[in-house]
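Each remark here refers to the structure printed beneath this line.
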Amino acid sequence: MDWYPLINSLRIAAISTVAVYFLGIWLANLVARAPRVVKGALDVVLTLPLVLPPTVVGFLLLLVLGPRRPLGAWVLDALGIRLTMTWYSAVAATVVVSFPLMYRTVRGAFESFDEDLADAARTLGHREAWVFWRIKMPSCRQGVIAGAVLAFARALGEYGATSMVAGYTPGVTATVSTTVYQLWRTGDDAAALRWVLVNLAISAVVLLALNLLEGRSRERARGGRHAA
Amino acid sequence: MPLSVDIQKRLGDFRLQVAFQVDDSREMLALLGPSGCGKSMTLRSIAGLVRPDAGRIVLNDRVLFDSAAHVDLPPRERRVGYLFQSYALFPTMTVEQNVMAGALGGTREERRARAAEQIAAMRLTGLEQHRPAELSGGQRQRVAMARMLAGSPELILLDEPFSALDGYLRWQIELEMTDLLRGYPGGAILVSHNRDEVYRMCDTVCVISNGRSEPKQQVRDLFAQPRTVAAALISGCKNFSAVRVVGPGLLECVDWGVTLRTSLPVSADVTSVGVRAHYFEPARPDAPNAIPVKVERVIDSTFSIIAMVRTPGGGLIRYELEKDAWARLGRPSAFTLMAPAACVMPLAGDAMPRVPDALGTRTAGGER
Chain C
1 MDWYPLINSL RIAAISTVAV YFLGIWLANL VARAPRVVKG ALDVVLTLPL VLPPTVVGFL
61 LLLVLGPRRP LGAWVLDALG IRLTMTWYSA VAATVVVSFP LMYRTVRGAF ESFDEDLADA
121 ARTLGHREAW VFWRIKMPSC RQGVIAGAVL AFARALGEYG ATSMVAGYTP GVTATVSTTV
181 YQLWRTGDDA AALRWVLVNL AISAVVLLAL NLLEGRSRER ARGGRHAA
Chain U
1001 MPLSVDIQKR LGDFRLQVAF QVDDSREMLA LLGPSGCGKS MTLRSIAGLV RPDAGRIVLN
1061 DRVLFDSAAH VDLPPRERRV GYLFQSYALF PTMTVEQNVM AGALGGTREE RRARAAEQIA
1121 AMRLTGLEQH RPAELSGGQR QRVAMARMLA GSPELILLDE PFSALDGYLR WQIELEMTDL
1181 LRGYPGGAIL VSHNRDEVYR MCDTVCVISN GRSEPKQQVR DLFAQPRTVA AALISGCKNF
1241 SAVRVVGPGL LECVDWGVTL RTSLPVSADV TSVGVRAHYF EPARPDAPNA IPVKVERVID
1301 STFSIIAMVR TPGGGLIRYE LEKDAWARLG RPSAFTLMAP AACVMPLAGD AMPRVPDALG
1361 TRTAGGER
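Quick mapping for you: the protein sequence lines, in order, are chains C and U.
If you're matching positions, the first sequence starts at 1 in our numbering and goes up one per residue.
If you're matching positions, the second sequence starts at 1001 in our numbering and goes up one per residue.
Have a look at this one:
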């Protein structure tokens, strides 16, 4: 069995999760503190990819990244890098599609954060950066990790937008999900099933990790000695 | 701690307008008022957590805020300690880390030493590695105090510090905190809605009602001689009547249907009179300041009897007396009360709204 699709899927998901992690935290923090009107508008825009069909996301991405589109053409000209039909093209697709999961989970955590803690730190003489990284982030850690796990899982399973932006080239852009589709299409059900099982195993691990996290946060809320 | 505060802030329909001054660093000032009156917002403004629309805050000759000069120091530069109602301990840090977070400046070892000093002073030794969730209410408050004092603030702000505690523990902590604050070189401001707490702990008091502060006064004066209805109310007075001044020291009490003489000074803007529930005395019908009353309802309280009595004017009076005194009086259904002239308090400011006939509506709050 050629493991390339799994390795490719994992690296795409890993890179996109790192990007979504910082992007999600940054924008969630911005939106959580924004005035109500701005908040409502930004929230719609940032959550949109969650409800749009992935093919629509793929189509919109091709409008921007395609080799004959302004951005795509410029990058190709200036840097000699092609933004579509490569393995890293899929990263663009998974970032957009998995971003809302990170963003919404983290925003929820930020909104339930007790601002008195931040105010206490400020009166004690601390700077905003310290307040954010030492007080707010640790307090919201469960939400941040849960968001990252969900985003990773979503990126790993992405199909629609990925197949449009990166296509399916065995050994180049093939991911687990595009491979399953390709094998089924060509009638190789046995091989497709093997990849389905790989997919199931990964999903189970992700869900287990999430449940473990939730259990820990509940224990922590009860104030268990060794919870932290 | 010479501190002067004069700030205004608008928040929707609510307008905050507070001004007071503290000259002596040993003075304990209370901001007293019902919840929602703006006292916490005042405290937050001093700490820099809320930005007033206009005004000036000066602490020890340092301008913390001045809207005219565009000065607005961030909280971290104000050197003002704030004890939150909920303590606001950092939940992910241990007791030691929490206190160290308050001990800024110097090397890590110096900070650790200062934290250790505060931990010992607050009798928290042995709990250094515990997290806030594992502590009792009293311990949490001591950690919050230790964390705040580790930074040696020039001014301490206490926001309803006992509200999360109850009963015996509350009393113990109050005793401890009073000692501590008396010995602290900086000044302190206590925000509270509890008149007893303020009476026991503070020297001066500034009553805030509906966002407006009244002139600062000595705590004892507030209780002996409140100047306004709002001040009398928050100091625990339960009986109010609208009045007309009919002669020197003579007040016609509209709600009670009697004219009472007062020995306290009557200012020109008097609108009401207040008499505390336990200052009335049973008397003969021809006694001065007599009020013939009918008993409407007798409530057996913990250590006293509360009689709700109907006055000739229709208004109710709450009269409180010892249980055996009520028995000696023969548990009457009608008798005569008198209000000693020194206890008839002329009050300025908005009169209490008159609610015609709901029993007990003219008694304010449950706190005694």
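Every residue, glycine too, gets a C-beta built ideally from N, C-alpha and C.
Beta-carbon separation (whole angstroms), residue i vs residue j, contact threshold 8 Å
i       : j       : result
U:P1161 : U:L1083 : 5 Å
U:V1191 : U:L1043 : 5 Å
C:A90   : C:L65   : That belief does not hold up - the Cβ atoms of C:A90 and C:L65 are roughly 11 Å apart, past 8 Å.
U:S1267 : U:A1348 : 6 Å
C:V57   : C:A161  : 4 Å
C:T179  : C:P5    : 4 Å
C:F152  : C:N29   : That belief does not hold up - the Cβ atoms of C:F152 and C:N29 are roughly 21 Å apart, past 8 Å.
C:V165  : C:L62   : 6 Å
U:L1222 : U:S1235 : 5 Å
U:F1014 : U:G1211 : 6 Å
Bounding residues of the alpha helix (DSSP H) (the contiguous stretch that carries residue i)
i       : result
C:Q142  : 141-157
U:L1222 : 1219-1224
U:M1148 : 1137-1149
C:G72   : 70-79
C:G108  : 89-111
C:M164  : 160-165
U:I1234 : 1229-1234
Simplified DSSP assignment, three categories, for residue i
i       : result
C:A13   : helix
C:G215  : helix
U:F1240 : strand
U:V1005 : strand
U:I1173 : helix
U:R1368 : Confidence is the limiting factor: at U:R1368 the pLDDT is only 38, short of 50, which leaves the residue's position unreliable, though a coordinate-based value still follows. Correct three-state label for U:R1368: coil.
U:G1012 : coil
U:S1333 : coil
U:E1197 : helix
U:G1167 : helix
U:R1123 : coil
C:D189  : helix
U:E1134 : helix
U:E1128 : coil
U:T1262 : coil
U:L1190 : strand
C:E128  : helix
U:S1152 : coil
U:V1018 : strand
U:P1282 : strand
U:R1362 : With a pLDDT of only 44 at U:R1362, under 50, the local geometry of the prediction cannot be trusted, and the value read off the model is given with reservation. Note: U:R1362 maps to coil in three-state DSSP.
C:R33   : helix
C:T169  : coil
C:L83   : coil
U:R1182 : helix
C:R194  : helix
C:T47   : helix
C:L60   : helix
C:S203  : helix
U:G1036 : coil
U:S1267 : coil
C:G24   : helix
C:G66   : coil
Short CB-CB distance (under 8 Å) between residue i and chain A
i       : result
U:L1031 : Although the question refers to chain A, the structure presented lacks it and instead comprises the protein chains C and U.
Endpoints, the beta strand (DSSP E) within which residue i is located
i       : result
C:A121  : It is not in any beta strand (DSSP E) - C:A121 instead sits in the alpha helix (DSSP H) that spans 115-123.
C:L52   : Note, C:L52: premise wrong, no beta strand (DSSP E); not H, not E.
U:A1030 : 1028-1032
U:C1253 : 1250-1253
U:C1206 : 1204-1209
U:S1272 : 1270-1275
So does the region 1093-1108 of chain U actually touch the region 1125-1135 of chain U, counting three or more Cβ pairs closer than 8 Å? yes
Given 8 Å, three or more beta-carbon pairs between the region 84-92 of chain C and the region 117-136 of chain C: no
Could you tell me which whole beta strand (DSSP E) segments of length 3 or greater appear in the region 1289-1357 of chain U? 1290-1300, 1304-1310, 1316-1322, 1334-1338, 1345-1348
If we count Cβ pairs, one from each stretch, closer than 8 Å, do we get three or more for the region 1174-1194 of chain U versus the region 1152-1159 of chain U? yes
Between the region 1249-1268 of chain U and the region 1281-1300 of chain U, are three or more C-beta pairs nearer than 8 Å? yes
Is there contact between the region 1113-1121 of chain U and the region 1065-1083 of chain U, where contact requires at least three CB pairs shorter than 8 Å? no
Which ranges does the beta strand (DSSP E) cover as unbroken runs of at least 3 residues, wholly within the region 1039-1116 of chain U, from first to last along the chain? 1054-1059, 1062-1066, 1080-1083
Quick check: the region 1046-1064 of chain U against the region 1005-1015 of chain U, are at least 3 beta-carbon pairs closer than 8 Å? yes
Below 8 Å, can you find three or more Cβ-Cβ pairs linking the region 95-112 of chain C to the region 14-25 of chain C? yes
When the Cβ atoms of the region 1219-1236 of chain U are set against those of the region 1266-1282 of chain U, are three or more pairs found closer than 8 Å? yes
Any contact between the region 1144-1151 of chain U and the region 1095-1109 of chain U? By contact I mean 3 or more CB pairs, one from each, below 8 Å. yes
Counting Cβ pairs closer than 8 Å, one from the region 1074-1088 of chain U and one from the region 111-127 of chain C, do we hit at least three? yes
Would the region 35-43 of chain C count as touching the region 144-151 of chain C if we require 3 or more Cβ pairs under 8 Å? no
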